[in-house]
Amino acid sequence: MGFDFTFHGAQLTALGHRAVWWASQRTLVVSDLHLGKSERHARRGGAALPPYEGRDTLERLRALTDRLDPSTVICLGDSFDDDRAAGALITEERELLAALPKGRRWVWIEGNHDPSPPAFGGEALSKLTLGPLTFRHIATDQSGEVSGHYHPKVVVRHQSRPAFLVDRDRLILPAFGTYTGGLRATDPVLQDLMRPDAIAILCGPRALPCPMPRIKPHARR
Amino acid sequence: MVAIPDAIQSWFSSRGWSPHPHQLDMLARTKEPSTLLIAPTGGGKTMAGFLPSLCELADGTHEGLHTLYVSPLKALAADIKRNLSGPVAEMGLPIRIEDRTGDTSAYKKRRQRGDPPHILLTTPESLALLTSYPDAPRIFQGLRRVIVDEIHALAESKRGAQLMLALGRLQTLCPDLRRVGLSATVDDPEAIARTLARHPDPCPILMADPGPAPDITMLDLPEAPPWAGGGAAHAIPEVLRQIKTHNTTLIFHNTRAQAEIFFHRLWLANEDALPIGIHHGALDRAQREKVEAAMVAGQLRAVVCTGSLDLGIDWGDVDLVIQIGAPKNVKRLVQRIGRANHRYNAPSKALLVPANRFEVVECRAALEAVAAGDLDGDALPPGPRDVLCQHILITACTGPFEAEALFHEIRTVGAYTNLSRADFDACLDFCATGGYALKAYDQWRRLLRRPDGLYQLRDPRAAARIRMNLGTIQDTDTLKVRYKNSRGGAPLGEIEEGFAATLVPGDTFLIAGKVVAYEGLREMVVQVSRNAAKKPKVATFNGTKFATSTQLSSRILRILKQDSWPDLPAHTADWLALQREMSQMPRRGRLLVESFPLDGREYICAYGFAGRNAQQTLGLLLTKRMEELGLDPLGFVASDYATLIWGLEPVLDPAGLFDIANLRDGLDGWLGENAVMKRTFRAVATIAGLIERNTPGARKSGRQATFSSDILYDTLRKYDPEHVLMQITREEALRGLVDFGRIEELAARIEGRVDLLRLPRVTPLAAPLLLEVGKVPIKGAGVERLLERETQALMQQSGLGMLDEATG
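Quick mapping for you: the protein sequence lines, in order, are chains A and B.
Take the first sequence: its letters are residues 12 to 232, numbered as in the working numbering.
Take the second sequence: its letters are residues 3 to 810, numbered as in the working numbering.
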């Protein structure tokens, strides 16, 4: 179940599945898939993490596209953990990935991890403007921006949940990838980025809005 | 009969000693392929094991390794080295004795491989490592005897399985190898003998004189123990008094955390500054060694300890053993009691200190069981297959191997005699390819089959990684704790990573009996400073939580059944009487369930007396059913005798909820998504080599490891539920952490007779559970409901309108 809100005149729904649905445009937005993260980790000499997150991420994405049948899907960058990781995907993942863009517009926004997203079908752009909204990877000063990058998380009642952050200027999406950590909304970076009246929308079985947690004023400079 | 060489004979007679009858028996049986000796602590067990080796080595003609001694504890290996080297030197025998454990320096280990001593004292892990080297045949050349000490402790664990597999390997290298097992008193010696002997060799059992009955009492104080908890703070003055009136006292605790708290309190009350030490597995090696040395030198009046001192280290003049908290298991209690008066034919003196009121009943039951000689024990399970997977990988490290030969070698190992070829092949396939769902990924394909049919490592460099991750001990991930400005000083000990993550600078906690303040984390070391805070947090340790054994639980129920309790202290008898008045007493053939409201939540308490693990499982199964019935459970906590569940809706009708016989139906689905299963899987996958805890250059953080094993588990569950590791996980969880056997036992006992009482308030027996630690939250509709309430309230408080207005 999603939470409906208006952002720069666009009627959006924040889905508990960590995606945004723009019904009037039949557009689905996800961010930070980080496909191939385990592969990159192992390649860099880290522990061999099990390589299943990619399949899990893609299957959740497929479940969403099956249900909503979007005409446009926008991936807000860091879709691949790096440019080499994309090449290391196994056959099944490649097949899944190749099937997804069929019959719809698919936009890979460039991220800091994947400055040139590989062509698995779909188009690669550094940013995209649709009506009143601009889609890019990292938030800038521009108003009306939808972005990702930070993987925001919010803790309520001792539960840490991935969350959307939204104020009148910008909307930041949580990471969609299975294997991604997160940045607490109380981190100074996010505190400075978002306006004091920002709200957070917690992901889970239902999308739950609450005020974005704020560090006590005296703790901030 | 092998003659005792003069040098040894005259050593005995010069001291006015003569060998014990069972020591001579062992000597007489020295040519047997396997022998198991059961002797009480202090019965000269070690000498009985080594005497044949000393006799064979006395003439100085043996070249290389002769006897391998394996013990479950590093400290025990060091202790035996000390206790054996003395007499050997006095006898003037030309025998070189060395130990080799995880604590041995790399230099010394290298030298030992090139030039092994006559007698090598080691642990199962160090032995497995030794057998993994390509030059193993040369290292073990000449090996005649292997002595497995404290085999009763090993036989029940995966460490024992690993050891026995290694012995199978050694037996192939040295066909004439003879095996000796040394064991404390156990309920089923034949089962231990079967794990020791090469199948189908016979294994005669020698029983030494058990010695006099122990002198054991329960501490009875005028002051009542608290309702819950394991601290036993109320007993501190009396414990100090007992320490003063004895030479040396061992104070056993069931968990490391309890030992730390008790030691801290003991020190605060120790006005006479009696020398008292602390010893447990999470303390740094140097700290432990210091305590051990002081103990041997007779400088300590008492040692607060845990299972790390359960096994037979000879501590000199211990004349009293105090057990804090209920012993949970009669066999272990008897073995702990045996630590006092480590002299043959002297009765051991022990004192049980119940830490809370229910433990008074438990201690009473334990006393009766000891008096009746009623030891508890479970049947030994078949050899664990995750250990087998690791053994296959270890075998591959030594060089190319033939599957057929390895299979036959493994079938000579007691615990694996019934291993089917199909199961073996599944394990081999897992090692070779990762198994069906993992085949696509290169990183799991570790063995390749050569054209000649032999298996070998696909990448020879993998051997180093396999060795790094060898072993079956599953400790949680820990971080070293060090004083901030002590450049290179000894660490104080280790704390769990999860606990370290909860600390903020300035937080105080207990470690090694000291209160320290958290300063920060630097390069995986927790930095602390001295602090004199009165109320420190308690570091959580992965101290084993023992479940009360079935036998002991039955005895407890029998005590509860009594009309009155003249044998129990008045405070406890009154408490039980009050329970009978306000509610009912749990009975053996029925399941008592109490339902009551408290502080805006609804509670039920189910008295299953099935032991902590099974009660925990019952909690998971019941809350799942409650979730389905819309009762919105929020969490539960389990003790050895009951499960307490709280939620948003009252439970008024037992129908559909307590149909325990049918709980098994939902078990598979439930098991799948359960945290206990994930934890079990993590252990299995780590032992089987799927998850590497250690990698060259980098150490994975505990959270990272948990994270990846959970994902792996979910995926296997989805794509390959019959993967060999999933099968092992299910089997193991049902037996171990899930302990479903005891739930079935409970179901058979009550046959559907459930008494649900709706009561106005919390009852005397349920109240202590409110104070229990280890509460398990249920992440279901109840939590979502509360989360929704909370977020709504936050939105209202904040004065932020809906976003429509905010975004204008």
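Where a beta carbon is used, it is the ideal one built from N, C-alpha and C, also for glycine.
D378(B) sits in coil when the DSSP states are folded into three classes, being neither helix nor strand.
Taken in chain order, the unbroken stretches of beta strand (DSSP E) that lie wholly in the region 161-227 of chain B and span 3 residues or more are 180-185, 207-209, 217-220.
Of all residues in the region 770-793 of chain B, the ones placed with a Cβ closer than 9 angstroms to any Cβ belonging to chain A are P779, K781, A783, V785, E786, L788, L789, E790, E792, T793, in chain order. Contact annotation for P220(A) against chain B: T793, M797 [CB-CB distance below 7 angstroms, chain order].
From the beta-carbon of S800(B), the residues of chain A found nearer than 9 angstroms are D208, I210, C221, P222. For P216(A), the residues of chain B that pass the 8 angstroms Cβ criterion are E786, in the order they occur in the chain.
Taking a C-beta cut-off of 7 angstroms against chain B, the contacting residues of the region 155-170 of chain A are V167, R168, Q170, listed in chain order. Take the alpha-carbon of L646(B) and the one of D43(A): they are about 42 angstroms apart. By the Cβ criterion, the region 370-379 of chain B is not in contact with the region 236-248 of chain B, since fewer than three pairs of Cβ atoms, one from each stretch, lie closer than 8 angstroms. Annotation note: the region 50-91 of chain B contains the following uninterrupted beta strand (DSSP E) runs of length 3 or greater, listed N- to C-terminal: 69-72. With a cutoff of 7 angstroms on beta-carbon distance, E92(B) and W13(B) are scored as near each other. Assignment of beta-bridge partners to I85(A) by DSSP yields V40(A), V118(A). About 5 angstroms separates the beta carbon of A261(B) from that of H282(B), a gap short enough to meet the 8 angstroms contact definition. Taking a 10 Å sphere around the C-beta of E121(A), we find 16 or more other C-beta atoms and assign the residue as buried. Remark: C-beta atoms of G144(B) and G66(B) approach each other more closely than 7 angstroms. With respect to chain B, the C-beta atom of E106(A) has no partner C-beta closer than 7 angstroms. Proximity of E64(A) to chain B, defined by a Cβ-Cβ separation below 7 angstroms, is satisfied.
Between Q170(A) and L789(B) a beta carbon distance of about 7 angstroms is seen, short of the 8 angstroms cut, so the two are scored as contacting.
The beta carbons of A374(B) and Y457(B) sit about 53 angstroms from each other, so the pair does not count as a contact at 8 angstroms.
Nearest CB-CB separation between I713(B) and chain A: below the 7 angstroms threshold. Straight across, the Cα-Cα distance linking I253(B) with G495(B) is about 20 angstroms.
Pairwise C-beta distances place the region 159-168 of chain B out of contact with the region 205-222 of chain B, as fewer than three of them are shorter than 8 angstroms. In chain order, I278, I280, V306, G515 place their CB closer than 8 angstroms to the CB of F265(B), counting only its own chain and leaving out the 5 sequence neighbours on each side.
Pairing A174(A) with E694(B), the inter-Cα distance amounts to about 32 angstroms. A check of alpha carbon separations from R37(A) across D178(A), G159(A), I85(A), T17(A) identifies I85(A) as the nearest. The beta carbons of K83(B) and L29(B) sit no closer together than 7 angstroms. For P191(B) against L38(B), the beta-carbon gap comes to about 6 angstroms, under 8 angstroms, which counts as contact. Under the DSSP definition of a beta bridge, P599(B) partners with E604(B). Distance from the CA atom of G621(B) to the CA atom of Y643(B), rounded to whole angstroms, is 12 angstroms.
In this structure, G162(B) and N471(B) do not form a Cβ contact; the two beta carbons are roughly 19 angstroms apart against a cut-off of 8 angstroms. The criterion of a C-beta distance shorter than 7 angstroms is not satisfied by P163(A) and L204(A). Per DSSP, reduced to three states, the secondary structure at L95(B) is coil, with no helix or strand assignment. In this structure the region 564-576 of chain B does not touch the region 386-404 of chain B; the number of beta carbon pairs closer than 8 angstroms is below three. Judged by beta-carbon spacing, F683(B) lies within the 7 angstroms limit of T731(B), meaning their Cβ atoms are closer than that value. Here DSSP, grouped into helix, strand and coil, assigns S556(B) to helix. In this structure, A608(B) is the residue among R603(B), A424(B), A608(B) with its C-alpha nearest to the C-alpha of M587(B).
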